[in-house]
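Undergrad: The sequence shown: position 111 = 111 (the UniProt record's numbering), numbered continuously.
Glycine residues also receive a C-beta, built at the ideal position from the N, C-alpha and C atoms.
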Amino acid sequence: MKRASLIDNLERKGVVLTDQERELILASFETVHIKKKEYLLKAGEICDFQAFVITGCCKVYILDSQGQEHIIYFAVEDWWLADLESYHTNSPSKFYIQALEDCEVLRISRDVKEPLYDKIPALERIYRVMLGQECVALQRRIINKLTMDAAMEYEDFCKRYPSLLQRLTNIQIASYLGISQEFLSKIRGKKKI
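1) Excluding sequence positions up to five away, which residues of its chain have a Cβ less than 7 Å from the Cβ of residue 90?
2) For residue 49, which of helix, strand or coil comes out of DSSP?
3) Consult DSSP for residue 77 and reduce its assignment to one of helix, strand or coil.
4) Would the stretch 54-72 count as touching the stretch 121-135 if we require 3 or more Cβ pairs under 8 Å?
5) Where DSSP assigns a beta bridge to residue 72, which residues make up the other side?
6) Candidates 79, 80, 185, 62: which alpha carbon is nearest residue 96's?
7) By a C-beta neighbour count over all protein chains shown, 10 Å radius and 16 as the cutoff for buried, is residue 201 buried or exposed?
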């Protein structure tokens, strides 16, 4: 059962859930199907949900003042999606969340999730672990941007996310790295030599 991967993900955070808690959690999420190129969230909307990817791949990105796309991260199976600033401050999102493939996600709204903490206190610990992991990933991304050149960043991306290389276009990888597609081609060409 695909939905069981959500429970596996939560329990890998170091908490054992009872059967009743598992059922309550699964009942709290709605299944959402997103077609390729469709949006789960657009800039200006309030992100009042968090989503868990069952199948597919999404990109989370912003547009700069010239309309240039900058990919913040990709989310594939077993990853979480949200704009945490919008979610926690109830402010309009700056992000777009778009499906790069047909996707199935499990989504939980803030209104459903918050009361769930009272019913399942272990969820607060799970959420703290998830936030910690998110902070580590963002810190790593910032450090890479400040200390690595584009070739080093690309090499790190390849090592860290080898399965994504087959699923993403050069344009998408270049956007994530903050370089042009042409420069990415040069980096790849040098890597083959």
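TA: Looking at the coordinates:
1) The residues are 46.
2) Here residue 49 carries a strand assignment [DSSP, helix/strand/coil].
3) If DSSP states are grouped into helix, strand and coil, residue 77 belongs with coil.
4) No, they do not touch.
5) According to DSSP, residue 72 bridges with nothing at all.
6) Ranking 79, 80, 185, 62 by Cα distance to residue 96 puts 62 first.
7) A query on residue 201 cannot be resolved here, the shown segment of the chain reaching from 1 to 193 and no further.
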